[in-house]
Amino acid sequence: MAETKKASSSIDRTLLVCCGTGCIANGAQAVAAALTKAASAMEKKGSLRVTVSLKGGIKETGCNGFCENGPIVRLMPDDISYYHVKPADAADILNHIAGKGEIVERLLYKNDEGKKVLSQKENPFYAKQHKIALRNAGLIEPGSIKDYVDRGGFDALKKALTMKADTIISEVEKSGLRGRGGAGFPTGQKWRQCASYEETPKYVVCNGDEGDPGAFMDRSILEGDPHSVIEGLLIAARAIGAVEGFMYIRDEYELALKNVRKALESARASKYLGKNILGSGWDFDISVVRGGGAFVCGESSALMASIEGRVGEPRTKYIRSVQKGLWDKPTVLNNVETLVNIPHIILHGAANYKKMGTQASAGTKVFALVGKVKRTGLVEVPMGTTLRQLVFDIGGGIPDKRSFKAVQTGGPSGGCIPASLLDLPIDFDTLDKYGSMMGSGGIIVMDDRTCMVEVARYYTNFLAEESCGKCTPCREGLRRMLEILTDITAGKGRPGDIELLEETGIAMKEASLCGLGKSAANPVLSTTKYFRSEYEAHIKKKTCPAGVCPKLTSFLIVKNKCKACGLCKKSCPVSAISGQKAKPHLINQKLCVNCGSCRIACPFDAIDTKGGDAGKKETKPAAKKPGAKKPVAKKPVAKKTAKKVAAKKPVAKKPAIKKAAKKPTVKKATAKKADKKAPVKKTNKKTPVRGKTTRGRASK
Ligand SMILES: Cc1cc2nc3c(=O)[nH]c(=O)nc-3n(C[C@H](O)[C@H](O)[C@H](O)COP(=O)(O)O)c2cc1C
Ligand code: SF4
Ligand code: SF4
Ligand code: SF4
Ligand code: FES
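Using this note's numbering, the letters of the sequence shown map in sequence onto residues 15 to 714.
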């Protein structure tokens with residue numbers, strides 16, 4: 015640790031208590047309350063000075079990005095960050111500020127060398143980050159317009175009000191900013207196209223739907239820095255000549271909704287929004303629309319239908335929404351992160367922005383780094399940063415002495431990138447070229463205990479549930495792929511399955527109506543490409559090399575590795591493990607349900623896996639005992655039926671089409687004056703059980 019220990023009492027200080035959703039879940043509000051109470055008591059005694067007043071000296075901020083280490087408390091301007099803070103730590107933190115105690119070392123972050131670090135700059139999680147989109151999150155109170163203005167907030171709007179609309183658009187074009195919602199469409203170009211249509215009124219919309227599982231980039235920005243998004247939307251509106259704006263935010267984002275509403279109110283009260291903005295004579299206002307939570311409602315045309323109160327379903331886009339969007343009027347839709355970049359670009363100039371990132375992907379990107387990585391959280395790095403830097407430098411590598419296997423980028427319809435491609439730069443075009451995508455910025459790291467077939471099955475299942483069912487390639491393709499993948503992971507894979515998966519995936523890419531169907535095969539196609547041997551092991555050898563698929567895995571304790579610690583025994587949900595002190599433990603295979611808990615619990619890597627029941631049955635059919643009861647009568651029947659139907663129809667669609675043709679359930683819109691909830695289309699259709707439905711087979 016660097017210099018310590020006593021704080022200088024002559025500086026006004028601020029304590030920033032992270033109160034983003036992650037830290038709140040870990041008790042941040044109790045920490046903030048304890049600090050406020052203790053500070054108030056100390057101030058009464060005259061032993062503490064913090065900023066203007068005690069209340070002003072303790073701020074509840076948005077997310078700092080390192081949520082797993084929350085609650086986080088940051089002392090400024092000293093830039094000392096405390097992690098895992100509890101209410102009981104309040105007195106020690108304040109004693110240090112009051113010059114009566116030392117830095118609270120137990121709450122500091124330990125870097126990879128075990129050294130305790132004070133500032134974010136010294137913390138390996140933050141050291142290589144470059145914050146543009148997250149420039150304010152964690153530093154301001156989201157509800158306070160004063161905090162925002164003090165950090166230069168609305169200066170870009172003031173500047174934009176003095177610029178011609180065309181000049182604003184040119185600046186955004188020159189910056190090279192591309193949409194952060196997934197498609198990477200050039201933002202300036204989108205604005206120029208919309209501005210070119212004469213039809214009025216025009217609209218601007220902020221896409222805060224963020225339906226990707228595991229993603230929380232947009233939520234954090236909306237929670238922690240809502241005024242920046244509002245300012246970005248105002249500048250977009252000014253550039254294209256829009257009269258009204260909408261912020262479409264998913265309903266589960268309770269804190270984001272609360273903070274956005276508060277920010278809108280304060281912006282109106284301070285004349286940054288509403289009638290005659292800053293005396294310019296320009297009127298513009300923004301309403302909040304709550305999204306119902308369907309993944310497909312993040313898609314532009316579905317989102318607009320949803321705002322209009324119709325079922326959130328994509329439409330064919332012969333005419334783009336920049337020409338006919340909301341209520342068939344010219345509309346610009348931009349993602350939350352795209353919009354927070356706008357004030358920075360206008361204020362600091364396109365050339366400055368373009369310095370960061372790569373030639374074709376300028377600026378930075380926020381990622382939600384999760385999965386099997388030591389440091390998880392929200393990170394913002396320049397475009398072109400490699401996957402290796404993200405996973406190993408910022409993320410700290412793979413925990414528990416496991417090895418890196420793959421990284422899934424781009425949300426549920428992204429692809430899995432193997433270790434051999436870890437040095438790929440992250441930008442829109444490179445990831446696309448290698449079968450994945452940037453998407454909105456989800457990065458899921460996987461270790462050697464991850465089954466890539468199961469990963470593909472998991473995402474395909476999610477997408478099959480979220481597909482709106484409007485077009486056949488996506489609706490049927492996803493179901494067929496899910497059936498095949500479910501079979502493979504259950505030991506029922508057949509020769510030709512991989513090829514059939516690939517054929518279906520390619521057809522979906524080419525023929526689906528919207529981005530969901532067009533990209534939905536990525537998890538499958540990238541894993542059949544980079545992890546083909548794993549599929550083959552499941553199908554041909556009936557084993558799951560990663561030891562994940564229960565039907566293809568048996569768990570065994572390796573005698574000479576077992577240290578008889580008993581942890582596996584404690585973790586087993588069916589008491590299948592026996593063993594005594596100082597003696598290697600044993601798994602009773604008859605009781606074991608192959609859940610894998612013991613393998614996770616064992617600190618000595620003493621639990622191994624090998625092919626499971628399905629494999630055994632396949633290779634060694636049990637001898638028939640005369641008179642013995644048939645254990646499962648259903649299976650052979652189902653197989654026979656499947657074979658029969660498959661022989662007749664190469665692609666049996668009927669049963670599935672019938673199901674999908676069911677009318678979607680539409681919840682009524684509960685429109686409020688300036689804050690309405692969008693209707694939800696219940697998209698989920700039960701996945702047909704294999705045996706009842708059939709699928710085309712390419713096997714010989
Ligand atoms: C199925 C699907 C879901 C999407 N979800 C989101 C989302 O949650 N947020 C988002 O900004 N864009 C999402 N998009 C992309 C939007 O359609 C659109 O391209 C984007 O909002 C445009 O803003 P941008 O140009 O600033 O990226 C989704 C697209 C598809 C096909
Ligand atoms: S591709 Fe899928 S989500 Fe998109 S319209 Fe077709 S069925 Fe609906
Ligand atoms: S795999 Fe699960 S059920 Fe089997 S022994 Fe281990 S903990 Fe018990
Ligand atoms: S947890 Fe590992 S080392 Fe401990 S008893 Fe079980 S197998 Fe042995
Ligand atoms: S909510 Fe505190 S670090 Fe994310």
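Where a beta carbon is used, it is the ideal one built from N, C-alpha and C, also for glycine.
*Do the CB positions of CYS582 and CYS528 come within less than 7 angstroms of each other?*
Not closer than 7 angstroms, so no.
*Consider the C-beta atom of LEU605 and the heavy atoms of ligand 4; say whether any pair is separated by less than 6 angstroms.*
Answer for LEU605: no, Cβ out of range of ligand 4.
*Check the Cβ-Cβ distances between LEU121 and every residue of chain B, and say whether any is below 7 angstroms.*
The structure shown contains no chain B, having only a single protein chain.
*asked:* Taking its Cβ as the centre, do 16 or more other Cβ atoms sit within 10 Å of ASP103, making it buried, or is it exposed?
replied: Counting Cβ neighbours within 10 Å, ASP103 comes out buried, since at least 16 surround it.
*So, helix, strand or coil for PHE199, using DSSP?*
Three-state DSSP puts PHE199 in coil, outside helix and strand.
*Please specify which runs of the alpha helix (DSSP H), each continuous and at least 4 residues long, are wholly inside the stretch 335-388, giving them in chain order.*
Complete alpha helix (DSSP H) runs here, min 4: 350-362 and 364-368.
*Given 8 angstroms as the limit, is there contact between the stretch 266-281 and the stretch 151-158, that is, 3 or more CB pairs closer than that?*
Flag = yes, the stretch 266-281 and the stretch 151-158 touch.
*GLN603, DSSP secondary structure in three states*: It is coil, neither helix nor strand.
*asked:* Rounding to the nearest angstrom, what Cα-Cα distance links ASP26 and ALA105 in this structure?
replied: If I take the Cα positions, the gap works out to 18 angstroms.
*7 angstroms CB neighbourhood of ILE502 in its chain, flanking five on each side removed*: Within the same chain, and ignoring the five residues on either side of ILE502 in sequence, the residues whose Cβ sits closer than 7 angstroms to its Cβ are VAL467, ASP511, TYR549, HIS552 and ILE553.
_By DSSP's criteria, TYR97 is part of a beta bridge. Which residues make up the other side?_
Per DSSP, none; premise fails for TYR97.
*asked:* If you reduce the DSSP assignment to three classes, tell me which class MET261 lands in.
replied: Looking at MET261 - three-state DSSP - the assignment turns out to be strand.
*Would you check if there are 3 or more beta carbon pairs closer than 8 angstroms linking the stretch 396-409 to the stretch 431-442?*
Touching, per the Cβ criterion.
*For ASN137, the three-state DSSP class (helix, strand or coil)*: Of the three classes helix, strand and coil, the one that applies to ASN137 here is coil, per DSSP.
*asked:* Comparing C-alpha positions only, which one of GLY306, ASP93, VAL588 and ASN602 sits nearest to GLU224?
replied: For the residues GLY306, ASP93, VAL588 and ASN602, the minimum Cα distance to GLU224 belongs to GLY306.
_Classify LYS331: buried if its beta carbon has 16 or more other beta carbons within 10 angstroms, exposed otherwise._
Exposed.
*What are the boundary residues of the alpha helix (DSSP H) that includes CYS430?*
Careful: CYS430 lies outside any alpha helix (DSSP H), inside the beta strand (DSSP E) at 429-432.
_Counting C-beta neighbours from all protein chains within 10 Å, is the total for ILE614 16 or more, i.e. buried, or is it exposed?_
By the 10 Å Cβ count, ILE614 comes out exposed.
*Same chain only: Cβ atoms within 8 angstroms of ASP725, ignoring 5 sequence neighbours per side*: For the chain, the structure presents residues 15 to 714; residue 725 sits outside this window and is missing.
*Using the Cα positions of LYS532 and CYS485, report the straight-line distance between them to the nearest angstrom.*
Between the alpha carbons of LYS532 and CYS485 lies a distance of about 11 angstroms.
*Please check the pair LEU392 and CYS77, which I expect to be a contact at CB under 8 angstroms, by giving their CB distance rounded to whole angstroms.*
Sure, about 6 angstroms apart at Cβ, within 8 angstroms.
*For THR541 versus CYS430, is the C-beta distance shorter than 7 angstroms?*
Closer than 7 angstroms, so yes.
*Does the beta carbon of PHE309 fall short of 6 angstroms from some heavy atom of ligand 3?*
Outside the cutoff, so no.
*asked:* On the CB-based measure, 16 or more other CB atoms within 10 Å of its CB, does ASP622 come out buried or exposed?
replied: ASP622 should be labelled exposed.
_Going by DSSP, what residue range makes up the beta strand (DSSP E) through TYR286?_
Unbroken run through TYR286: none, as it is neither H nor E.
_Restricting to Cα atoms, I'd like to know which of GLY561, PHE309, GLU351 and LEU347 is closest to PHE476._
Comparing Cα-Cα distances from PHE476 to each of GLY561, PHE309, GLU351 and LEU347, the minimum goes to PHE309.
*Measure the alpha-carbon distance for ARG252 versus VAL218 and round it to whole angstroms.*
Using only the alpha carbons, I get a separation of about 10 angstroms.
*Would you identify the three-state DSSP class for ILE117, choosing helix, strand or coil?*
Note: ILE117 maps to coil in three-state DSSP.
_Span of the beta strand (DSSP E) around TYR217_ = For TYR217, the enclosing beta strand (DSSP E) covers residues 217-222.
*Does the distance from the C-beta atom of LEU287 to that of MET318 stay below 7 angstroms?*
No, the pair does not count as a contact, with Cβ atoms beyond the cut-off.
*How about ALA620: is its Cβ closer than 6 angstroms to a heavy atom in ligand 4?*
For ALA620, the Cβ falls inside the 6 angstroms cut-off from some heavy atom of ligand 4.
*Can you give the Cα-Cα distance for VAL64 and THR28, rounded to whole angstroms?*
Because the pLDDT of VAL64 is 48, which lies under 50, any placement of that residue in the model is unreliable, and the number read from its coordinates should be weighed accordingly. Put simply, the backbone Cα of VAL64 is about 6 angstroms away from that of THR28.
*Please classify THR75: is it buried, with 16 or more other beta-carbons within 10 angstroms of its beta-carbon, or exposed?*
Here THR75 is buried, its C-beta having at least 16 other C-beta atoms within 10 Å.
*In terms of DSSP beta bridges, what is THR400 paired with?*
Answer is PRO439.
*May I ask you to list the residues that DSSP assigns as paired with SER301?*
SER301 is bridged to PHE260.
_Please determine whether the Cβ atom of VAL572 lies at a distance below 6 angstroms from any heavy atom of ligand 3._
No, since every heavy atom of ligand 3 falls outside the 6 angstroms radius drawn around the Cβ of VAL572.
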